[in-house]
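Enquirer:
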Amino acid sequence: MGNLLYVIAVILLIAWVLGYFAFHVTSGLIHILIVAAVIIFLVKLLGGNRGV
């Protein structure tokens with residue numbers, strides 16, 4: 000489950016970078032993606048290893 004969070008965070012980061020630089024999307028949605036990726040990363044980082 001922990002690796003899945005990292006995969007989701009990386010996918011969201013890649014989508015944000017592509018949307019921001021490649022497609023010049025100016026909506027707020029693209030910034031929500033980066034915020035979601037950072038939150039997922041922080042939850043995993045602060046949660047630590049729970050032995051699962």
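If you use numbering that gives the first Met the number 0, the sequence shown closes out at 51, no skipped numbers anywhere.
Think of the CB as a built atom: it goes at the ideal place given N, C-alpha and C, for glycine as much as any other residue.
To which residues of the same chain is Ala-35 closer than 6 Å at the C-beta, ignoring the five residues directly before and after it?
Expert: Leu-11
Enquirer: What is the C-beta distance between Ile-39 and Ala-8, in whole angstroms, given that I count them as a contact (C-beta under 8 Å)?
Expert: 4 Å
Enquirer: I need the DSSP call for Gly-27, collapsed to helix, strand or coil.
Expert: coil
Enquirer: Using the Cβ count rule (16 or more neighbours within 10 Å means buried), how would you classify Leu-32?
Expert: With 16 or more other Cβ atoms within 10 Å, it is buried.
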